[in-house]
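Residue numbers (the numbering used here), protein chains in the order written: chain G, 7 to 411; chain B, 614 to 876.
Ideal Cβ positions, reconstructed from N, Cα and C, are used throughout, including at glycine.
Remember, predicted model here, so these are calculated numbers, not experimental data.
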Amino acid sequence: MSTTRTWLRHNLFRTRRDTVLTVVFGLLALWLLYKTFRFIFVTGRWSIIEVNLQLLMIGRYPEAHVLRLAVTVVVLALWGGLLAGFIRGRQVRSGRMTAADSKLSRARVTDLVERLWIPLALVVLLLMLTSTPGPWIMVGLAVAAALVGRLVGPFVGRLRLPPIGSLLVVFVFGAIPVVLYFYVVTAVGFDGWGGFMLNLFLAVCSIILCYPLGVLLALGRRSGLPLVRLVCTTYIEVIRGAPLFVLLLLANVALGFFVPDSLAPATSTRAIVVFTFFTAAYMAEIIRGGLQSVPRGQIEAAKAVGLSPIRQTGYIVLPQALRNVIPAQIGQLISLFKDTTLAGIAMGLFDLLQVSGAITSQEDFRGQGLIAETLTFAALMFWVVSYTMSRESQRLEKRLGVGIR
Amino acid sequence: MTEQHDDAAVFDDATAMTGTRDVMIEIEHVDKFFGDFQALKDINLKVGAQEVVVVIGPSGSGKSTLIRCINRLEEHDGGRIVVDGTELSNDIRNIQEIRRETGMVFQSFNLFPHLTVLDNITLAPRKVRRMPKAKAEELGMELLEMVKIPEQAGKYPGQMSGGQQQRVAIARALAMNPKVMLFDEPTSALDPEMIGEVLDTMKELARSGMTMIVVTHEMGFAREVADRVVFMADGQIVEVGTPEHFFESPREDRTKLFLSQIL
């Protein structure tokens with residue numbers, strides 16, 4: 007008790023001015039907390055979310071084909087589990103981890119829950135809002151599939167395959183998401199995506215595509231060949247000088263100047279292209295910073311042991327460079343994820359933000375000022391994913407930091 | 614010993630002492646400029662197989678630049694450098710070949726911090742010599758035994774002392790089975806109590822018959838191990854001789870001055 011009092015006195019009420027500040031900001035915080043609490047549990051009319059949950063999550067994806075999405079989610083969970091297990095199996099095989107490390111223990115379960123409790127809580131919340139059993143079954147199957155994949159994966163990873171076998175494994179792993187994409191898309195056409203699913207889809211595709219492009223641009227900007235350097239530098243500076251919103255509008259409108267409508271790619275594809283090109287320019291500058299942080303001695307040592315220039319970059323410089331700038335890279339990718347809402351505004355895609363606005367003018371909810379509720383919901387969805395990315399990046403940084411100087 | 618001696622005479626100094634040798638490294642009339650500053654001025658030196666040459670001199674005298682030219686970490690501007698019969702040219706394949714034949718140990722170790730000790734050693738044999746992983750790791754462990762730290766194989770460089778790191782760096786250079794080892798002030802960045810362990814490793818290497826060029830300030834090492842000592846100042850080789858000659862009866866005034874300053 008007295009320690010609490012000492013702590014309070016020391017940190018909050020040390021001088022008269024401290025006391026005044028504490029009281030003022032304490033009251034302000036309490037008031038904000040009260041208002042928020044009241045909004046969430048008393049005044050907020052959340053039925054609009056409940057009624058429109060499907061629209062918010064998957065847009066106008068046709069009812070007849072919703073099963074495809076469920077299948078996709080379950081297969082992706084299996085795929086993710088397999089991949090995680092496969093990687094662990096490889097680590098065990100190469101001796102970086104022992105089999106004992108991968109024993110299921112209470113500590114590992116606690117660790118996993120601690121890592122992922124926020125997105126898990128969100129999933130549970132969303133399930134509570136559903137009125138049909140479908141989503142429950144889907145999530146149940148997805149969890150089961152992920153577990154099965156995680157248990158089977160290590161056996162695949164531990165196999166000693168001939169080169170052709172390894173190539174086949176890589177090919178199958180790479181092909182599954184592509185096959186799923188077409189499976190989903192053939193039901194509705196390229197622009198049938200909508201809701202939060204569309205934001206996730208745009209972000210994941212753009213992230214996967216922009217990363218290698220960013221690395222190449224960063225290396226190109228430091229290249230010894232003047233022409234390569236010029237092209238990369240010009241690209242980076244031009245793209246970074248243009249607002250993302252303008253680029254999105256241009257992709258929507260100006261493409262018609264060059265390509266006939268029949269050949270023009272779908273709107274969501276154009277959005278992915280713009281996000282990819284835009285973010286790659288920023289990633290390139292971040293990665294260039296990382297490249298510059300690798301001491302000259304590292305390159306000299308790599309040269310001295312006889313590594314070729316490509317291997318010097320691939321084995322010595324890049325791994326250190328990328329690790330050194332993980333926080334900035336993840337920041338850029340989180341920013342990209344949130345910017346996918348701009349595609350809704352600029353290109354008329356029916357993403358989560360657009361849905362959030364549109365449902366407030368439904369007959370049942372028109373003129374009731376429910377935009378606060380729907381925007382709060384949208385913000386929550388984005389926050390949970392962004393925050394999870396940020397936490398995972400910190401974890402990654404810690405894990406890769408083992409060998410740091 | 615610079616202008617008045619031709620390069621053959623320089624080489625003869627060594628052969629006279631230690632019998633006839635095959636020539637491993639030939640450096641002829643080499644110049645090196647950094648902008649307007651001339652770091653190396655008409656350097657001539659021949660190093661025989663299995664010979665240990667120690668290069669000493671005040672800082673800024675071009676010692677490091679000289680050995681960095683041998684494996685093309687610096688490009689020389691004039692003259693020629695021949696390593697084991699291959700002349701250094703701008704052809705990348707030539708450079709790669711010479712780098713495979715020469716190991717280098719740096720003042721600041723330059724171990725790869727993101728790789729374990731064993732991976733540091735096995736990377737080049739596996740990727741450049743295409744050695745199978747198991748065989749490379751066997752070789753890596755042998756080399757770690759040789760430098761007396763096999764128990765550190767799984768650690769990362771950042772978890773080791775400077776002396777241990779430098780011994781790993783020596784093992785890494787040896788993993789490519791080089792014909793020549795270049796040491797660029799290998800003990801200058803070490804705490805005094807760790808210098809001994811690194812020098813011991815180097816002495817052992819010299820006894821095993823490795824051709825070595827060592828830039829160092831460790832006069833005790835030069836006296837004990839060197840076949841020849843090269844004294845450089847202001848980008849020139851001032852005097853070359855056996856350790857006895859060099860430390861007991863140096864010829865040049867510049868050498869005498871340097872020795873009086875450090876001994």
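At what residues does the beta strand (DSSP E) containing residue i begin and finish?
i: residue 693 of chain B; result: 691-696
i: residue 846 of chain B; result: 841-846
i: residue 794 of chain B; result: 793-797
i: residue 773 of chain B; result: Unbroken run through residue 773 of chain B: none, as it is neither H nor E.
i: residue 652 of chain B; result: 650-661
i: residue 849 of chain B; result: 849-854
i: residue 365 of chain G; result: Segment: none, residue 365 of chain G is in no beta strand (DSSP E) and carries neither H nor E.
i: residue 716 of chain B; result: 715-718
i: residue 824 of chain B; result: 824-828
Who are the near neighbours of residue i in its chain, counting only those whose CB is closer than 6 Å to its CB and skipping five residues on each side?
i: residue 172 of chain G; result: none
i: residue 190 of chain G; result: 74 and 78
i: residue 848 of chain B; result: 651, 652, 653, 654 and 675
i: residue 229 of chain G; result: 235
i: residue 837 of chain B; result: none
i: residue 630 of chain B; result: Caution is warranted here: a pLDDT of 41 is assigned to residue 630 of chain B, below 50, making its placement in the model unreliable, and the coordinate value is therefore given only provisionally. The answer, listed in chain order, is 855.
According to the neighbour-count rule (16 or more other Cβ atoms, all chains shown, within 10 Å of its Cβ), is residue i buried or exposed?
i: residue 622 of chain B; result: Annotation note: pLDDT 41 at residue 622 of chain B (below 50); position unreliable, no value reported.
i: residue 25 of chain G; result: exposed
i: residue 69 of chain G; result: exposed
i: residue 17 of chain G; result: exposed
i: residue 602 of chain B; result: Only positions 614 to 876 of chain B appear in this structure, which leaves residue 602 of chain B out of reach.
i: residue 134 of chain G; result: exposed
i: residue 617 of chain B; result: Low local confidence applies: a pLDDT of 41 at residue 617 of chain B is under 50, so the model's placement there is unreliable, and no value is given.
i: residue 267 of chain G; result: exposed
i: residue 67 of chain G; result: buried
i: residue 349 of chain G; result: buried
i: residue 869 of chain B; result: exposed
i: residue 331 of chain G; result: buried
i: residue 11 of chain G; result: exposed
i: residue 233 of chain G; result: exposed
i: residue 248 of chain G; result: exposed
i: residue 684 of chain B; result: buried
i: residue 705 of chain B; result: exposed
i: residue 308 of chain G; result: buried
i: residue 727 of chain B; result: buried
i: residue 694 of chain B; result: buried
Excluding the 5 residues preceding and the 5 following residue i in the sequence, name in chain order all residues of the same chain whose CB lies nearer than 7 Å to its CB.
i: residue 227 of chain G; result: 235, 238, 239, 242, 290 and 294
i: residue 710 of chain B; result: 699
i: residue 739 of chain B; result: 746 and 749
i: residue 80 of chain G; result: 144, 147, 148 and 151
i: residue 625 of chain B; result: Its pLDDT being 45, under 50, residue 625 of chain B is placed unreliably in this model, and the value from its coordinates should be taken loosely. Correct list: empty, nothing qualifies.
Once you ignore the five residues that flank residue i on each side, which residues in its own chain have a CB closer than 8 Å to its CB?
i: residue 417 of chain G; result: Residue 417 of chain G cannot be examined here, being either before or after the span of chain G that is shown, 7 to 411.
i: residue 808 of chain B; result: 776, 800 and 831
i: residue 313 of chain G; result: 321 and 322
i: residue 203 of chain G; result: 63, 64, 65, 67 and 75
i: residue 153 of chain G; result: 87
i: residue 90 of chain G; result: 155, 156 and 159
What is the residue span of the alpha helix (DSSP H) that residue i lies within?
i: residue 759 of chain B; result: 746-759
i: residue 645 of chain B; result: First-last for residue 645 of chain B: 636-647, but that is the beta strand (DSSP E), not the alpha helix (DSSP H).
i: residue 63 of chain G; result: 53-64
i: residue 251 of chain G; result: 250-259
i: residue 280 of chain G; result: 273-298
Which residues of the stretch 307-322 of chain G have a Cβ closer than 7 Å to any Cβ of chain B? Give them in chain order.
Among the residues of the stretch 307-322 of chain G, those with a Cβ less than 7 Å away from any Cβ of chain B are 307, 309, 310, 311, 312, 313, 314, 317, 321 and 322, in the order of the chain.
query: Using 8 Å as the threshold, is the stretch 786-793 of chain B in touch with the stretch 711-729 of chain B, meaning 3 or more CB pairs across them?
result: The answer is yes - the stretch 711-729 of chain B touches the stretch 786-793 of chain B, with three or more Cβ pairs under 8 Å.
| query | What residues in the stretch 218-232 of chain G have a beta carbon less than 7 Å from any beta carbon of chain B? | reply | Those residues of the stretch 218-232 of chain G placed with their C-beta closer than 7 Å to a C-beta in chain B do not exist.
Going along the chain, which residues of the stretch 322-338 of chain G sit with their C-beta nearer than 8 Å to a C-beta in chain B?
Listed by position, the residues of the stretch 322-338 of chain G near chain B (Cβ gap below 8 Å) are 322, 325, 326 and 329.
(request) Select from the stretch 156-186 of chain G all residues with a C-beta closer than 7 Å to any C-beta belonging to chain B, and list them in chain order. (result) Listed by position, the residues of the stretch 156-186 of chain G near chain B (Cβ gap below 7 Å) amount to none.
For the stretch 668-686 of chain B, which residues have a CB atom closer than 9 Å to at least one CB atom of chain G, in sequence order? Against chain G - using a Cβ distance shorter than 9 Å - the residues of the stretch 668-686 of chain B are 681, 684, 685 and 686.
Exercise for the section: Mind checking the stretch 707-726 of chain B against chain G and listing, in chain order, the residues whose C-beta falls within less than 7 Å of any C-beta there? Expected result: For the stretch 707-726 of chain B, which is checked against every Cβ of chain G, the residues closer than 7 Å are 709, 712, 713, 717, 719, 721, 723, 725 and 726.
Item to complete: Can you give me, in chain order, the residues of the stretch 787-800 of chain B that have a beta carbon less than 7 Å from any beta carbon in chain G?
Response: Cβ proximity to chain G below 7 Å picks out 789 from the stretch 787-800 of chain B.
Check distances from the C-beta atoms of the stretch 282-307 of chain G to those of chain B and list, in chain order, the residues that come in under 7 Å.
Those residues of the stretch 282-307 of chain G that come within reach of chain B (Cβ to Cβ, closer than 7 Å) are 303, 304, 306 and 307.
| message | Quick check: the stretch 46-61 of chain G against the stretch 368-385 of chain G, are at least 3 beta-carbon pairs closer than 8 Å? | response | Under the Cβ criterion (8 Å, minimum of three pairs), the stretch 368-385 of chain G counts as touching the stretch 46-61 of chain G.
* Asked: What residues in the stretch 729-762 of chain B bring their beta carbon closer than 8 Å to a beta carbon of chain G?
  -> Answer set for the stretch 729-762 of chain B: 729, 736, 737, 740 and 741.
Do the stretch 838-854 of chain B and the stretch 670-687 of chain B make contact, defined as three or more Cβ pairs closer than 8 Å?
-> Segments in contact, yes.
| request: Could you tell me whether the stretch 349-361 of chain G touches the stretch 33-52 of chain G, where touching means 3 or more Cβ pairs closer than 8 Å? | output: No, because fewer than three Cβ pairs between the stretch 349-361 of chain G and the stretch 33-52 of chain G fall closer than 8 Å, the two stretches do not touch.
> Can we say the stretch 299-309 of chain G touches the stretch 263-277 of chain G, given the rule of at least three CB pairs closer than 8 Å?
Replying inline: The way I'd put it, the stretch 299-309 of chain G doesn't touch the stretch 263-277 of chain G; fewer than three beta-carbon pairs between them come closer than 8 Å.
### Task
Evaluate contact between the stretch 270-286 of chain G and the stretch 214-223 of chain G, counting only Cβ atoms and requiring at least three cross-stretch pairs below 8 Å.
The answer is yes - the stretch 214-223 of chain G touches the stretch 270-286 of chain G, with three or more Cβ pairs under 8 Å.
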